[in-house]
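Report on the following structure.
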Amino acid sequence: MSKVILITGASSGIGLETAVYLAKKKFIVYGCSRRLDRMQPIISAGGFALKLDVTNENEIINIVEHVIKIEKKIDVLWNNAGFGLWGAVEDISIDRAKYQFDVNLFGLARMTKEVLPHMRKKNSGLIINTSSVGGKIYTPLGSWYHSTKHAIEGWSDCLGFEVKKFGINISLLQPGMIVSEFGNIMLENLEKNSKKSPYHKLNQAMIRGLKKNIQNPIGSHPIVVAKCVEKIILSKNPKKRYLVGYGARLMLFVRGFFGDRIFELFLKAAGLKG
Ligand SMILES: NC(=O)c1ccc[n+]([C@@H]2O[C@H](COP(=O)([O-])OP(=O)(O)OC[C@H]3O[C@@H](n4cnc5c(N)ncnc54)[C@H](OP(=O)(O)O)[C@@H]3O)[C@@H](O)[C@H]2O)c1
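Per the numbering used here, the sequence shown starts with residue -7, numbered consecutively.
In structure tokens form, the structure reads like this:
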């Protein structure tokens, strides 16, 4: 019987590419996001599209109920929805920072809490949480984004311990640079947050780099993530972490092997000077 896969953040980038890829492979795919119109390719590939804001508890309850009613199970939950709030700590209000956590961490936690009882009943299940290589490293002006991803790493490791005895696996996906709408949203946030900022030089270096990368994208095509997610789903004994895509291994290696000082020189060499 085909696996039932519930995916958040399925309207663009990594999530959309993977949802379409998996639906074409005859998995039963339910893609969720706020922009229903953007998920038409999932329906064309044989999957389903549901409207969901991961900050809305009622929508989450309804979606999980809906899928369980129809399919009687959820084999895989892939918590992928997220965005990057970039800007200096001084320039970002605590309310915006809380919203960043609400989407990236608490959204994922809400989905997980709603799906877990169904997986426990079946004594099986897989939850994939999209972290980032940024869950292990840091970049300038990314305090709030990186802290959500560092939090997802610790949160998922602890959860993995709790649910293992119920036959449930937790895996972390750690993408490097992947071509998607992520950079556009990051740039939009940074430009908004950096007006009248005392961190002008650093903001401008980052804005220039982002614009250059949007015009001539450096990064992997999201298909590399789709294939990696398929590998996790088909694995009998999934690993805790999957590094995937451009620069992920290199960035982790530079910080892990050489330490923070050399890592920061590496960031400066990439043009990120304050
Ligand atoms: N691209 C990269 O280089 C990269 C690297 C490391 C990690 N990641 C992570 O990969 C994940 C996917 O990002 P992406 O690169 O594919 O970016 P993307 O193209 O901007 O896609 C982000 C997805 O998240 C959804 N989303 C955002 N806020 C949401 C909310 N409140 N409720 C429900 N869905 C929401 C968006 O859907 P709607 O706006 O339609 O709701 C969209 O489908 C994110 O968690 C990101 O942190 C990306």
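Every residue gets a Cβ at the ideal spot worked out from N, C-alpha and C, and that includes glycine. Bear in mind the structure is a predicted one, so any value in this text is a computation, not a measurement.
Pro170 to Ile62, Cα distance in whole Å? Translated into the one-based positions of the sequence shown, residue 170 becomes position 178. Translated into the one-based positions of the sequence shown, residue 62 becomes position 70. The question names Pro, but residue 170 is Ile in the sequence shown. For Ile170 and Ile62, the distance between alpha carbons rounds to 34 Å.
Please report the straight-line C-alpha distance between Ser189 and Arg112, rounded to a whole angstrom. Position 197 of the sequence shown, counted from the first residue, corresponds to residue 189. Position 120 of the sequence shown, counted from the first residue, corresponds to residue 112. Roughly 49 Å separates the two Cα atoms.
What number of angstroms, rounded off, separates the C-alpha of Ala261 from the C-alpha of Phe158? The sequence position of residue 261 within the sequence shown is 269, counting from 1. The sequence position of residue 158 within the sequence shown is 166, counting from 1. Separation of Ala261 and Phe158 (C-alpha to C-alpha, rounded to the nearest whole angstrom) is 47 Å.
Closer than 8 Å is the cut-off here; do at least three beta carbon pairs connect the segment 1 to 11 with the segment 23 to 40? The answer is yes - the segment 23 to 40 touches the segment 1 to 11, with three or more Cβ pairs under 8 Å.
Could you say which of Glu173, Pro109 and Tyr234 lies nearest to Gly76 if we only look at CA atoms? Locating residue 76 in the sequence shown gives position 84, counting from the first residue. It is Glu173 whose Cα lies nearest to the Cα of Gly76.
Over the uninterrupted beta strand (DSSP E) stretch that includes Lys43, give me the two end residues. By 1-based counting over the sequence shown, the position of residue 43 is 51. Residues Phe40 to Lys43.
I'd like the list of long-range same chain contacts for Ile215, defined as Cβ closer than 8 Å, with 5 residues on each side in sequence excluded. Taking the sequence shown and counting its residues from 1, the one referred to as residue 215 is at position 223. So the list reads Glu9 and Tyr13, once near-sequence residues are dropped.
Classify Met(-7): buried if its beta carbon has 16 or more other beta carbons within 10 angstroms, exposed otherwise. Taking the sequence shown and counting its residues from 1, one reaches residue -7 at position 1. Met(-7) comes out exposed.
CA-to-CA distance, Met243 to Tyr22, given in whole angstroms: Translated into positions along the sequence shown, residue 22 becomes position 30. Translated into positions along the sequence shown, residue 243 becomes position 251. For Tyr22 and Met243, the distance between alpha carbons rounds to 33 Å.
Any chance the segment 207 to 223 sits against the segment 95 to 115, with 3 or more Cβ pairs inside 8 Å? no
Are three or more beta carbon pairs between the segment 73 to 89 and the segment 181 to 195 nearer than 8 Å? yes
Using 7 Å as the cut-off, classify the Cβ of Ser148 as near or not near the heavy atoms of ligand 1, replying yes or no. In the sequence shown, residue 148 corresponds to position 156, counting from 1. No, Cβ of Ser148 sits at least 7 Å from all heavy atoms of ligand 1.
State the DSSP-derived secondary structure class of Met169, mapped to helix, strand or coil. The residue labelled residue 169 in the question sits at position 177 within the sequence shown. In this structure, Met169 counts as strand in the three-state DSSP scheme.
Which of helix, strand or coil DSSP assigns to Arg27: Indexing the sequence shown from 1 puts residue 27 at position 35. Three-state DSSP puts Arg27 in coil, outside helix and strand.
Tell me, please, which residues DSSP counts as bridged to Thr0. The residue labelled residue 0 in the question sits at position 8 within the sequence shown. Thr0 pairs with Cys24.
Of the residues Asn71, Trp70 and Val56, which one's Cα is nearest the Cα of Lys64? In the sequence shown, counting from the first residue as 1, residue 64 sits at position 72. Checked all of Asn71, Trp70 and Val56; the closest Cα to Lys64 is Val56.
Quickly, what does DSSP pair Val236 with across the bridge? List them, please. By 1-based counting over the sequence shown, the position of residue 236 is 244. In the DSSP output, where bridge partners are listed per residue, Val236 has Pro167.
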